[in-house]
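Here the structure is laid out as structure tokens; the discussion comes afterwards.
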Amino acid sequence: MLVSCAAYQNGKKLADIGESEIHDYVSRPDCFVWVALRDPDRAKLDEMQQAFDLHPLAVEDARHGHQRPKIEEYGDSVFAVLHIIELDPSGALKLGELDLFVGRNYVLSVRTAAERGFQDVRARSEREPELLKHGSSFVLYALMDAAVDRYFPVLQALEAELEGIEEHIFAGLSPRRNLRALYALKQKLVTMKHAIAPLLEAMGKLHGGRVPQVCYNLRDYFRDISDHLVRLNQTIDSIRDMVITAISVNLSMITLEESKTMKQLAAYAALVAVPTLIAGVYGMNFQHMPELEWMFGYPVVLSLMAGIDFYLYYRLKKAKWL
Amino acid sequence: MLVSCAAYQNGKKLADIGESEIHDYVSRPDCFVWVALRDPDRAKLDEMQQAFDLHPLAVEDARHGHQRPKIEEYGDSVFAVLHIIELDPSGALKLGELDLFVGRNYVLSVRTAAERGFQDVRARSEREPELLKHGSSFVLYALMDAAVDRYFPVLQALEAELEGIEEHIFAGLSPRRNLRALYALKQKLVTMKHAIAPLLEAMGKLHGGRVPQVCYNLRDYFRDISDHLVRLNQTIDSIRDMVITAISVNLSMITLEESKTMKQLAAYAALVAVPTLIAGVYGMNFQHMPELEWMFGYPVVLSLMAGIDFYLYYRLKKAKWL
Amino acid sequence: MLVSCAAYQNGKKLADIGESEIHDYVSRPDCFVWVALRDPDRAKLDEMQQAFDLHPLAVEDARHGHQRPKIEEYGDSVFAVLHIIELDPSGALKLGELDLFVGRNYVLSVRTAAERGFQDVRARSEREPELLKHGSSFVLYALMDAAVDRYFPVLQALEAELEGIEEHIFAGLSPRRNLRALYALKQKLVTMKHAIAPLLEAMGKLHGGRVPQVCYNLRDYFRDISDHLVRLNQTIDSIRDMVITAISVNLSMITLEESKTMKQLAAYAALVAVPTLIAGVYGMNFQHMPELEWMFGYPVVLSLMAGIDFYLYYRLKKAKWL
Amino acid sequence: MLVSCAAYQNGKKLADIGESEIHDYVSRPDCFVWVALRDPDRAKLDEMQQAFDLHPLAVEDARHGHQRPKIEEYGDSVFAVLHIIELDPSGALKLGELDLFVGRNYVLSVRTAAERGFQDVRARSEREPELLKHGSSFVLYALMDAAVDRYFPVLQALEAELEGIEEHIFAGLSPRRNLRALYALKQKLVTMKHAIAPLLEAMGKLHGGRVPQVCYNLRDYFRDISDHLVRLNQTIDSIRDMVITAISVNLSMITLEESKTMKQLAAYAALVAVPTLIAGVYGMNFQHMPELEWMFGYPVVLSLMAGIDFYLYYRLKKAKWL
Amino acid sequence: MLVSCAAYQNGKKLADIGESEIHDYVSRPDCFVWVALRDPDRAKLDEMQQAFDLHPLAVEDARHGHQRPKIEEYGDSVFAVLHIIELDPSGALKLGELDLFVGRNYVLSVRTAAERGFQDVRARSEREPELLKHGSSFVLYALMDAAVDRYFPVLQALEAELEGIEEHIFAGLSPRRNLRALYALKQKLVTMKHAIAPLLEAMGKLHGGRVPQVCYNLRDYFRDISDHLVRLNQTIDSIRDMVITAISVNLSMITLEESKTMKQLAAYAALVAVPTLIAGVYGMNFQHMPELEWMFGYPVVLSLMAGIDFYLYYRLKKAKWL
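Here it is as structure tokens:
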């Protein structure tokens, strides 16, 4: 589906153009065309491949989807794949993809399986003609920057999730649910890591070493994206590390709870077993057991039982077994 | 065993040829011979060594088998070893090998201990004369690409296996079988890793730095294989990481189950021990125990026992000990 | 908020100057201006950006805060971000930031969310004109050195914290609190690591390889800071390693305690169960039980019970079950 | 002890020579001397140092023994240290050493603390004059290749050992012995690793980068040894990884067994406690307990006890507690 | 405190000289002065700084102490910091420091907080004029070699300590003390690692790449020290790895012991509970219980109890629960 298609010159939008006009504008010097597609079908992609003369391997990657994030040069053009990660209301992660084909005078962005679009990036870019003058490479920067910035709130949600679980753990609550939540959190971190780590690695190509011609003037800006990715990557590693620690702390808490249960079990057993022993003694059938004939033998023994239990209860309470 | 043997020129098949004709075709410029062997014996390999003038160390590697995946240059020719991993119906992994000898005008592929062949690669290549024009290096690409693509369904099967185990773990089912399955899964991942990681490392030689002459034109294509290998490698690492976490989560679940059992044990013990104490009290032989003489002493005490047990049961149920 | 603003020449302070005079002094050769801000608002930063012609990306980083530590070159100037970590009286870590903009003839330091200032650095620098002669790069060195040196007492406090927890662990005390403390300690180490590791990595730019012009003469001094950072980094890793070990040792101690509790439970159960059995035996209603008719049957049996319990107690004590 | 000493020219053995003749043959061009020593004393080594003009640091290393594997150049000559690992019949590893001094026209091999010699290498080399023509470097290759190939059966034995332990673990057998065996296996892997990892690292010097003059023609052969070492190294890492997993799986199995024991304990306790309660009820001394006077009260109650126990047994069996 | 001070020329000692004479000898070509200090105060260090024109940053490092091991060049001179680790009789590690300032014609060694001196190095050096001819760099080598060689016995003591703990673990003895010992051992390994790893890293500067002029001739000797450090480093890593494994094995042993205790508990409980049930049955008050009236009912029932217990004991013994 075509989201929008416009031509730009000298930092300003010339016109919204139809697909048939793309060829005209692409051939003009100093002008570039910015096309945004969403979940395109095969025919649409083939059309674009012809319009912009895209490399077949890159188009095939976009068609198949499920690529790992990467930035590749094909001759003078750059092909970038980014993951889009969106948070479900249920807290699950939804994985989409953003494929960017960038040449000297065109930008083609293909968004797949993602709710939220990048129209705001186009709008902001059009409000900053000074920067948009840099041409298609600025659009590449602006789109990548927006896509990367959207990882932050997702990661913050995962951090908040971990904090919630931590509270449950140290309160000794619902260890079973904690385990499941920690395991799910670790899986989400894997998803985030798969989005960010390869992109970080690839990003170096756009600001260090031999930078593609088309991106050269904006090296400092691409370095800034790299910087955000490093921070995201480091945060993922830290959360991951704390999740592993939390799993082992949770096991310790479970063992502690078990230990406490065992003490309670022992304590209550004692409170019952001792009076049972006494009752057993006075249930013996000896002919000569003077207590049995006492007038107040029975209440005395009952009091003895209660007294011993009170004392035991006090001692066990003090020793924190109860 | 000879699977097939044909000569190609300018992207098109010239003819299926006999082994005796190999020498003729190999000496023609612009022509290359593609021979496919399956589980060959020593004599057949020696024959091929002579026909194509292969390096003795490479031939010896192919003869012995059980090599680690690698890509080596011997003069102008390239020798590549890939693992073939096939899934048994039982879920076990079967390890085969694909050895590729590639020179300017020949390709020799040797498949060992693998069910499924690569005839489909030959068929598809012959339908794409544009690409097959690149000569023997394209055949190298096509065979490696096919071999690498076959790792994906195997890895997906392992991912599905892990998901199955996860469900069992969190349902608290069959912890013993889960352990065995996780351990076996880890071993399979080791097998996959041994197939993929060394190949990924070796692959760099075909698209970065000093690329062998024979592969130079297809660098972008070999980079594409590298990309698939990176993705496979990353997925293996993630599954492996989750398997380790799952083992520790499984231990936590076992401990939790044990803890729950202990609470049930304690609860049921209490339900029996308290009435036993009461019965013990009224089994004492004191001469003066007024209750014993009451008309309804016995049913009152039985009701007392039942009442206490109902109350305990209610409390223990509420505290989730039962 | 402006903390101070002064101009220096040839290692000596010329004058405290007003913000309006900055432009005059910055344009003089051999003279540099040192401005210190604290928690500045947007307007103040914009003013400074104009006064010193700072790069917009750097100013934006300073405005947003929460950057990872880094050292970046923008043309001839250097932009450095450091974390400031301060210890709460409660033992919590408070995270602030120090942003340094350094050009040939100016230093702008921006401190955010940190209690303690760097006036002492200015005072000491003014007492060492020999070194201050090196110009703005020496101020950069002096401020970074001071900021890095302040990590040491924080790390020592964390080391002391770990030692306190270790004592509790091996004394078998408060395992629950130990767990929580170890977990919190690990989180603090993550905070420290995030402050130190990226800075260490960035620091290399100031003493190895292509050093920015402005810092060239002080390479040995920046190497010294690197050295301190390596030491801090190594110490963090060691503490982190010991924390993980301590968590697993703590689990072992909990399991040991549980094991000991189980032995005590068993021991006390035995002390009650055996006399209960004996009482049960003499509660049987056989017509022919000679002991029942003995004159001293009852006291003999009571003594027997006591005797057996004494013996059991002695044996269990010796076996360390009690 | 001198094992053998011979001179070679043009791939053929000239003669077995005495130690006094070494000097004559070493000075002839195109000829090289191959001396094999076993557990030599200090005097013998000094003699050889003089005969071949060896570097004092290398000789001292050979004298002291217990070096880590390495390959060092001293001027034109190469000094290599390899570990020899032999399997005791008891399964223990015996560590020996092979020191190789190689110059343009001599090879001195010193074997220490190892049972099996390298006479077979000499015999095979003499049967391959084509290769032996390469001179002393081929002998270096042949000896290193033989030494490295001997690691494979040792490692296979360790793999078999792990498999044996795995079977015990999953059968729930002898967890104590499994632990000891896994721990010992891990120690053996450390020994193997110390033999192989440093050698692998050093090996690069003989086939990549600046290769010593004496080894230049055989680069492809030394690369082959490297390849074997990479495979060995990878296998060690995998076994090590599985040993760690096996230890944690073993712990899970122990906890599972404990859990099962606890359930059995609870089940059997229930089978005894319930009839005991019933017996207690009918041991009460109420005057009005109609059942007591029934003719068949006693057998009815006994049957009740048995019936309840049968039912409990059936339920517990079904719930897999028994 | 001045330990000794002497001048050397051409590999021979010229004279023990006073501190005031240092200046004379340092200015002579072909002559070098070797000064050894122990725990010097500030004044003494300042004196030396003037005598040898040392770099202020290096002197400050020596004054402060607690540096991480390093080797730094200041112009033509080399500054090296090594840790000295000595074993307390109690098994604790004592950390000292050795600071070496080496220029073309002087060596200043500063030993801090270490018992054992390096006089033996001076004595041996004076007995080897051939090597001492290399000048101050040979003294640097000899001192570093001696300092590094002293790490070996310390590490062997730690290895012996681990072996002692292992024996305790597998004998099931004193798990609590084992934990404490393993934890302490891990801390000692951290101390060793901090001494060795940074030195190993720094050592490369003295034999690979751009070696300082003063050390150039002795590259092979410095490589030998590197080699020792690699071995030490590898051994530390292996011990550390085994300590972690030992902690987890110890936990498994504790859980095993607990499991065994639980079985014993269950077994003894059974031995008491079953006779108690029987006694309870014959304590019931039914009017019609034929056994009660039998002449030998009582002894028969006692025998029955004993018989059942013997049988149970035999079965439990066989099942290894007792």
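Protein chains in written order, with this note's numbering: chain A, 826 to 1147; chain B, 826 to 1147; chain C, 826 to 1147; chain D, 826 to 1147; chain E, 826 to 1147. Even for Gly, the Cβ is constructed at its ideal location relative to N, Cα and C.
Rounded to whole angstroms, what's the CA-CA distance from residue i to residue j? Just pull it up for me.
i        : j        : result
T1070(A) : T1060(A) : 15 Å
F782(D)  : V932(D)  : This structure gives no information on residue 782(D), because the portion of chain D shown stretches from 826 to 1147.
A868(C)  : L882(C)  : 16 Å
T1101(B) : A1094(A) : 12 Å
M1017(A) : H908(C)  : 26 Å
E1026(B) : L1081(E) : 44 Å
F877(E)  : H1053(A) : 49 Å
I1133(E) : L1127(E) : 10 Å
A972(D)  : F963(D)  : 14 Å
D849(C)  : L1031(A) : 39 Å
S1084(C) : L1117(C) : 42 Å
What residues in its chain sit with their C-beta under 8 Å from that of residue i, if we drop five residues either side in the sequence?
i        : result
C830(C)  : D841, I842, G843, E844, I847, V858, W859, V860, A861
V1068(D) : L987, L1007, L1010, K1011, L1014
D913(A)  : K919
Which residues in the same chain as residue i place their Cβ atom closer than 6 Å to its Cβ, once the five residues preceding and following it in sequence are excluded?
i        : result
N930(B)  : V851, F857
Q892(C)  : D886, V906
L1141(C) : A1092, L1147
How is the alpha helix (DSSP H) around residue i delimited, first residue to last?
i        : result
V973(A)  : 961-974
F1135(B) : 1122-1143
Q874(E)  : 867-877
R936(D)  : First-last for R936(D): 931-937, but that is the beta strand (DSSP E), not the alpha helix (DSSP H).
K952(E)  : A small correction: the amino acid at residue 952(E) is Arg; Lys does not occupy that position in the sequence shown. Per DSSP, R952(E) belongs to the alpha helix (DSSP H) from 944-952.
Quick check on residue i: does DSSP put it in helix, strand or coil?
i        : result
D841(B)  : strand
G989(C)  : helix
L1102(C) : helix
S999(E)  : coil
F904(A)  : strand
L920(D)  : strand
S915(A)  : coil
G1029(E) : helix
Does the beta-carbon distance from residue i to residue j come in below 9 Å?
i        : j        : result
G921(C)  : E951(C)  : no
L925(C)  : V906(C)  : yes
L965(C)  : V927(C)  : yes
M1087(A) : M1087(B) : yes
If I follow the unbroken beta strand (DSSP E) through residue i, where does it start and stop?
i       : result
E898(D) : 895-899
A831(E) : 827-834
Less than 7 Å between C-beta atoms, sequence neighbours within five positions excluded: which residues of the same chain meet that for residue i?
i        : result
K1013(A) : L918, L983
M1058(A) : Correcting the residue identity first, residue 1058(A) is Asn in this sequence and not Met. These residues qualify, in order along the chain: I1021, A1022, L1025.
H959(E)  : N1042, L1043
K837(D)  : P954
P1000(A) : N1075, M1078, I1079
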